[in-house]
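Only one structure is covered here, and it is reproduced in the block below.
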Amino acid sequence: MTKPLAGHQVGEQIRNQVPDAVIEASEEWVLIKPESLLAVANFLKTTPGLEFDYLNCITGVDYLDYLEVVYHLTSMRHNHGIVLKARCSRENAEVPSLVGLWRGADLQEREIYDLLGITFVGHPNLKRIFMWQGFEGHPLRRDYL
1 MTKPLAGHQV GEQIRNQVPD AVIEASEEWV LIKPESLLAV ANFLKTTPGL
51 EFDYLNCITG VDYLDYLEVV YHLTSMRHNH GIVLKARCSR ENAEVPSLVG
101 LWRGADLQER EIYDLLGITF VGHPNLKRIF MWQGFEGHPL RRDYL
């Protein structure tokens, strides 16, 4: 079983490397500014002792007041994991793409884009995956209908 790392401890390591990136950290997760996502993800993937080399999954969540993208990361080498979150406003729903770090982000980012309308800036092929081109809106948004 993968051992979860304490979010507040990983958050402190992130703060030391990427100042002003961490908004909040709990025992289970670290919330970062979306504009810092790429730098933080690269830090988590390449730092000895952390080495989060596997992206388990990405989830998009609609909290009505804001949208959130949740990343579950695992280090196969160290058998530990962390949950990383980034929030964006409904009006400016975008975060950087992580496809360049983890190829497994490709279809998951497209799914979130299609169903929640979060744009992944820098994604190499960001287009709808379930709904047809020209479909109005994003059906998993709480205010869709």
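Each residue of the sequence shown is one higher than the one before, counting from 1 in our numbering.
Note that the Cβ used here is the ideal one computed from N, Cα and C, for glycine as well.
Within a Cβ cutoff of 6 Å, which residues of the same chain sit near E68, ignoring the five residues on either side of it in sequence? V61, K85, R87
Near G49, which residues of its chain fall below 8 Å by C-beta distance, leaving aside the five closest residues on each side in sequence? H78
Taking only the alpha-carbon atoms, compute the straight-line gap between P139 and L31 and give it to the nearest angstrom. 25 Å
How close, in whole Å, do the beta carbons of E94 and V121 come, if the pair is a contact with beta carbons under 8 Å? Indeed they touch by this definition, with Cβ atoms about 5 Å apart.
Grab the span of the beta strand (DSSP E) containing Y113 for me, first residue to last. Premise fails: Y113 lies in the alpha helix (DSSP H), 105–116, not in any beta strand (DSSP E).
Is the CB-CB distance between F135 and R128 below 9 Å? yes
Starting from I129, trace the beta strand (DSSP E) in both directions and tell me its first and last residue. I129 -> no beta strand (DSSP E), and no H or E assigned at all.
Round the Cβ separation of E111 and V99 to the nearest angstrom and send it over; I've been treating them as touching at under 8 Å. About 13 Å; that fails the 8 Å criterion.
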